[in-house]
């Protein structure tokens with residue numbers, strides 16, 4: 001799992017995305033919102049004009065990350081447009 | 101200017117919004133994205149499922165907040181749906 005970092009206390013996955021422009025970032029945010037509604041999983045998302053920081057926490061009450069969190073991270077990466085993929 | 105707090109070092113406006121559900125938050129994020137593109141002003145936005153933290157910084161190179169920032173804060177509040185207005 002590429003650019004994702006796994007942290008503990010609390011268990012979470014973190015990643016930063018960079019985009020060529022706001023429009024591309026906005027498009028990605030929309031896709032991830034669809035995914036969040038579909039999976040019922042809502043990461044903490046921090047963005048500005050061309051960056052997006054994402055933190056995926058373990059399920060409420062869980063102390064460990066599960067398949068749900070790891071799969072969501074991979075699904076997010078799969079939604080990335082070519083223009084935002086690291087070289 | 102209602103719930104906005106003005107901070108210094110660096111000069112910025114901060115506010116937290118709470119929403120009844122993710123769908124309402126998402127709708128608001130869309131409206132603010134339109135406003136950002138229209139005004140060319142992109143606050144730092146942090147959200148999860150039903151909260152949104154916003155930080156509006158001074159223009160690049162400026163040390164003070166200007167009308168642009170204050171107007172953007174008011175425009176954001178004006179985009180709030182009734183369901184997300186504090187009682």
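Protein chains in written order, with the working numbering: chain V, 1 to 87; chain F, 101 to 187. Just so it is clear, CB atoms sit at the ideal spot from N, CA and C, and this is done for glycine as well.
Item to complete: Show which residues of chain F have a CB atom less than 9 Å away from the CB atom of residue 36 of chain V.
Response: 122, 126 and 149
Worksheet item: Where does residue 112 of chain F sit, in a helix, a strand or coil, going by DSSP?
Response: strand
Worksheet item: Just curious, the beta strand (DSSP E) that residue 85 of chain V is in, first and last residue?
Response: Element bounds for residue 85 of chain V: n/a, residue is neither H nor E.
Fill in: Per-residue burial, residue 36 of chain V [other beta carbons within 10 Å of its own, 16 or more giving buried]
buried
Worksheet item: Can you find a C-beta in chain F that's less than 8 Å from the C-beta of residue 61 of chain V?
Response: no
Discussion item. Which of the three DSSP states is assigned to residue 31 of chain V in this structure?
Written reply: helix
Worksheet entry | Between the CA atoms of residue 162 of chain F and residue 39 of chain V - distance to the nearest angstrom | 42 Å
Fill in: Same chain, Cβ closer than 7 Å to residue 32 of chain V, neighbours up to 5 away in sequence not counted
76 and 79
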